[in-house]
Amino acid sequence: MSQERAAVVAERSELAEVFGALTPEQWDAPSLCAGWRVREVVAHTTMPFRMGLGGFVWEMVRSGGRFNAMSDRVARRDAARMPAEALLRSLRDNVEHPWAPPGGGATGALSHEIIHGLDSTVALGLDRRVPLDRLRLVLDAMRPRNVEYFGADLSGVTLEATDLDWRFGGGGTPLRGLAQDLLLVVCGRRLPPGHLSGEPAARFTSAG
1151 MSQERAAVVA
1161 ERSELAEVFG
1171 ALTPEQWDAP
1181 SLCAGWRVRE
1191 VVAHTTMPFR
1201 MGLGGFVWEM
1211 VRSGGRFNAM
1221 SDRVARRDAA
1231 RMPAEALLRS
1241 LRDNVEHPWA
1251 PPGGGATGAL
1261 SHEIIHGLDS
1271 TVALGLDRRV
1281 PLDRLRLVLD
1291 AMRPRNVEYF
1301 GADLSGVTLE
1311 ATDLDWRFGG
1321 GGTPLRGLAQ
1331 DLLLVVCGRR
1341 LPPGHLSGEP
1351 AARFTSAG
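In my numbering, the protein residues as written are 1151 to 1358.
Encoded structure:
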């Protein structure tokens, strides 16, 4: 098993433990994904385990070929019809599932698990730190096209991790934070107050 694939298995296993300890109120709490609760996030990350190629094509056709629209609709549908226990079981039973996003490989799968895990744990205020060796695999693969995909506006900003030797940007004003928080910035998320420092921090921080 490659380092990347082993990291995917470990991340899914640890997130299963995190989600298994959540209260009903936490499952229904907002995540950092706009319009999604924690249960929609888990429904989304486990969608590939329940959907084969034929089902994927059908759902894409129903959504006019728009992947984001399809993902949103299916996540909301599955979150509405599957109780938390079923969503959790879907994750636990598939920690070794070979799924990876098209063209993304194991690193893409790891990125998917880490980012959406943080969408939940950071929004809930849980003090979970993604191991730095896993974050390094994802951050080292970041390219300008990733920023474009997520629609993040990093103009005039250089990201500087405080817990990892990692910088990203074109030499602008430093924005500092934990590597996992800066990964969320790259993905266009607005973080709760207190996660970022530097002059541009307010620009990437939610109202609280």
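Every residue gets a Cβ at the ideal spot worked out from N, C-alpha and C, and that includes glycine.
One or two residues paired with S1347 in a DSSP bridge: R1326
Boundaries (first-last residue) of the alpha helix (DSSP H) holding T1308: That residue, T1308, is in no alpha helix (DSSP H); its beta strand (DSSP E) goes 1307-1311.
Whether L1334 touches L1268 by CB criterion (8 Å): Yes, Cβ-Cβ distance for L1334 and L1268 is below 8 Å.
Nearest candidate by alpha-carbon position, reference M1292, set A1273, I1265, R1278: I1265
Sheet register partners of G1319 (DSSP bridge): T1308
Separation of G1321 from L1237, as counted between CA atoms: 43 Å
Contact set for G1306: own chain, Cβ-Cβ below 7 Å, skip 5 residues either direction: G1322, T1323
Alpha-carbon to alpha-carbon, G1215 and Q1330: 31 Å
Residues of its chain near M1220, where Cβ-Cβ distance is below 8 Å and the 5 sequence neighbours each way are ignored: E1209, M1210, R1212, S1213
T1173, buried or exposed, once every other Cβ within 10 Å from all chains shown has been counted against 16: exposed
Euclidean distance between Cα positions of G1327 and P1294: 20 Å
For P1294, the residue or residues it bridges with in DSSP: Per DSSP, none; premise fails for P1294.
Local Cβ density within 10 Å of D1315, reported as buried at 16 or more and exposed below that: Exposed is the call here.
Short Cβ contact (8 Å threshold) for F1354 with R1340: yes
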